[in-house]
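Quick note on this note's numbering: the sequence shown kicks off at 29 and runs consecutively.
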Amino acid sequence: MGWFIAGVLFAGLGGFVVWITHSAGSDLVRSAVFFVLWVTSAGLSWRFWFRLPEGVLYWDGLHWSLNQGAGVPVAGELVVHADFQSFLLLQLHGVDGRTRWLCLERVGPREAWAALRRAVYSRPKPEPRADGMFSVRRGDA
Numbered sequence: 029m030g031w032f033i034a035g036v037l038f039a040g041l042g043g044f045v046v047w048i049t050h051s052a053g054s055d056l057v058r059s060a061v062f063f064v065l066w067v068t069s070a071g072l073s074w075r076f077w078f079r080l081p082e083g084v085l086y087w088d089g090l091h092w093s094l095n096q097g098a099g100v101p102v103a104g105e106l107v108v109h110a111d112f113q114s115f116l117l118l119q120l121h122g123v124d125g126r127t128r129w130l131c132l133e134r135v136g137p138r139e140a141w142a143a144l145r146r147a148v149y150s151r152p153k154p155e156p157r158a159d160g161m162f163s164v165r166r167g168d169a
């Protein structure tokens with residue numbers, strides 16, 4: 029994902045350089061505004077990338093949980109925002125009320141990655157109630 033972000037940033041910078049060199053009468057203000065926007069975008073992307081949590085994501089058939097090594101694992105609902113086949117951009121809405129962005133990359137065997145992608149899109153198992161019926165949780169209907 030880091031290479032993807034860097035590629036997009038430098039492609040934008042390259043496009044700007046080509047545009048400036050081939051446009052007639054380009055003014056300094058327009059160039060300065062673009063450069064400030066580009067530096068801001070690069071800084072925010074850098075901050076986003078290095079603040080992504082690291083850990084192990086678990087799926088027990090009902091809930092997702094993120095274990096970051098220290099402390100109690102965070103359980104919650106997982107939402108897929110982008111699926112680019114070799115990496116996923118996810119959002120974990122924790123039961124503690126906090127939201128965590130997760131970027132998952134395929135680094136292991138293809139079978140394990142395919143199983144993870146199936147789990148991310150799977151629906152939770154229905155939970156049995158005391159009367160023997162099954163309850164439908166929000167998002168299951």
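In this text, a Cβ means the ideal position worked out from N, Cα and C, and glycines have one as well.
State buried or exposed for residue i, treating a residue as buried only when at least 16 other CB atoms are found within 10 Å of its CB.
i           : result
residue 89  : exposed
residue 43  : exposed
residue 65  : exposed
residue 102 : buried
residue 104 : buried
residue 118 : buried
residue 94  : buried
residue 116 : buried
residue 47  : exposed
residue 72  : exposed
residue 120 : buried
Rounded to whole angstroms, how far is the Cβ of residue i from the Cβ of residue j, which I believe are closer than 8 Å?
i           : j           : result
residue 106 : residue 129 : About 11 Å separates the two Cβ atoms, so there is no contact after all.
What does the alpha-carbon distance come out to for the pair residue i and residue j?
i           : j           : result
residue 167 : residue 37  : With a pLDDT of 49 at residue 167, under the threshold of 50, the modelled position of that residue is not reliable, and the figure given next carries that caveat. Distance between the alpha carbons of residue 167 and residue 37 is about 36 Å.
residue 41  : residue 61  : 13 Å
residue 31  : residue 137 : 21 Å
residue 127 : residue 146 : 22 Å
Find the nearest neighbour of residue i within the set the options, judged by alpha-carbon distance.
i           : options            : result
residue 80  : 67, 151 and 133    : 133
residue 131 : 86, 125 and 76     : 76
residue 122 : 100, 55, 48 and 41 : 100
residue 143 : 82, 114 and 120    : 114
residue 148 : 110, 69 and 127    : 110
residue 69  : 82, 57 and 39      : 39
Just list the residues that DSSP pairs residue i with in beta bridges.
i           : result
residue 109 : DSSP output for residue 109 lists no bridge partner at all.
residue 82  : BP columns for residue 82 are empty, so no partner.
residue 60  : Residue 60 is not bridged to any residue.
residue 127 : 121
residue 116 : 111 and 132
residue 102 : 94
residue 77  : Looking at the DSSP assignment, residue 77 forms no beta bridge with any residue, so it has no partner.
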